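Structure first, commentary second.
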Amino acid sequence: MRKNIVAGNWKMNKTLQEGVALATELNEILASKKVNCDVIIGTPFIHLASVCASVDSAKLGVAAENCADHVSGAYTGEVSAAMVKSTGAQYVILGHSERRAYYGETPAILKTKVELALANGLTPIFCIGEVLAEREANKQFEVVEAQIKESLFDLSVEDFSKIILAYEPVWAIGTGKTATAAQAQEIHAYIRSVLAAKYGKKVADNCSILYGGSCKASNAGELFANPDVDGGLIGGAALNAKDFMGIVDAF
Ligand code: PEP
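So the sequence shown is numbered by the working numbering: it starts at 80 and just counts up by one.
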């Protein structure tokens, strides 16, 4: 059956020293208690190697927040999937709404990134979600369906089975507005039906679909109690151990 997962996305926060300190703190907490979900932290590129060297990867997974859409070569400032993998990271967050909105990441670019991540043994945490105007026009279902189809539906069953999805309504990210538990369940169930139509019920049932958008300890329990919500992708509340572990403990 699918895994429950709580994944942090630090975004462009924390110096290297601050990041290693937080990862070390989380690692110590996780070494001393049993939790009921997989726990992952997504860190800036420059933190990855040091963070990976500081944590027990069996208890705390590490994700990059992006990777390049090229294998290697003259792409100044970019970081390839192979480079991410070489740090010890196991995951990569792809398609975050901030990457789509501020860095022009199209479904076609994201398709390439997903393929390169998989080819290099990384597990993509692939983000989808509608903006406020689309929600207000009741277009959220068609928006997320298109995002999934355009970037993921050329994958083989075997490769698709490695994907973690994160539904993140853009209007809820960093805004303090959270989708209600009912809204989250409704669209997660829809997403699973889209996966089932393409890859079959078993693959759909095994796919972890995380919710993201102002998730915190106080609302995580209600969100995670839904049958199709398999955890969270956490921004602001992932930046300190107490808040983040409060969400992990919701499972
Ligand atoms: C995110 O950026 O993935 C996110 C969910 O952010 P926040 O939790 O701060 O809304």
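Using N, Cα and C, we set each Cβ at its ideal position, and we do this for glycine too.
These numbers come from a predicted model, not from an experiment.
Inset, instruction - Using DSSP bridges, identify the partner residues of ALA86. - result: ILE119, LEU312
Legend entry - Best match in ALA143, ASP117, CYS116, VAL118 for proximity to SER65 [C-alpha to C-alpha]: For the chain, the structure presents residues 80 to 330; residue 65 sits outside this window and is missing.
Inset, instruction - Would you mind working out which of ALA161, ASN285, ILE204, SER235 sits nearest ILE313, comparing C-alpha positions? - result: ILE204 is the residue among ALA161, ASN285, ILE204, SER235 whose C-alpha sits nearest the C-alpha of ILE313.
Legend entry - ASP238 beta carbon less than 8 angstroms from that of ARG81: no
Legend entry - GLY325, DSSP secondary structure in three states: helix
Legend entry - Residue range of the alpha helix (DSSP H) that includes CYS294: That residue, CYS294, is in no alpha helix (DSSP H); it is neither H nor E in DSSP.
Inset, instruction - Return the chain-ordered list of same chain residues with a C-beta closer than 8 angstroms to the C-beta of GLU213, the five sequence neighbours on each side being excluded. - result: GLN219, VAL222
Inset, instruction - Report, in whole angstroms, the separation of the C-beta atoms of VAL249 and GLU224, which I expect to be a contact under 8 angstroms. - result: In fact, because the Cβ distance is near 16 angstroms, the residues do not count as touching under 8 angstroms.
Inset, instruction - With DSSP as the reference, label VAL130 as helix, strand or coil. - result: helix
Inset, instruction - Kindly examine ligand 1 and report whether one of its heavy atoms sits closer than 7 angstroms to the Cβ of LEU312. - result: yes
Inset, instruction - State the Cα-Cα distance for the pair SER297 and TYR170, rounded to the nearest angstrom. - result: 27 angstroms
Legend entry - Bridge partners - THR185, DSSP secondary structure assignment: Answer is none; THR185 lacks a bridge partner.
Legend entry - GLY183 beta carbon near ligand 1 (any heavy atom closer than 7 angstroms): no
Legend entry - Check: HIS267 C-beta below 7 angstroms from any heavy atom of ligand 1: no
Legend entry - First through last residue of the alpha helix (DSSP H) which encompasses TYR269: 260-278
Legend entry - For ALA245 and GLY291, believed in contact at Cβ under 8 angstroms, the rounded distance: 5 angstroms
Inset, instruction - Would you kindly check if the distance between the Cβ of TRP89 and the Cβ of ILE120 is under 8 angstroms? - result: yes
Legend entry - Anticipated Cβ contact below 8 angstroms, CYS206 with GLU247, distance rounded: That pair is a contact at about 5 angstroms.
Inset, instruction - Would you kindly check if the distance between the Cβ of ASN115 and the Cβ of ASN145 is under 8 angstroms? - result: no
Legend entry - Supposed close pair LEU173, VAL193 - CB separation, criterion 8 angstroms: About 6 angstroms; that satisfies the 8 angstroms criterion.
Inset, instruction - Sort out for me which residues DSSP pairs GLY140 with in a bridge. - result: As a beta-bridge residue in DSSP terms, GLY140 pairs with ILE119.
Legend entry - Rounded separation between PHE323 and LEU201 - CA only: Their backbone Cα atoms lie some 23 angstroms apart in a straight line.
Inset, instruction - Please state whether DSSP places ILE227 in a helix, a strand or coil. - result: helix
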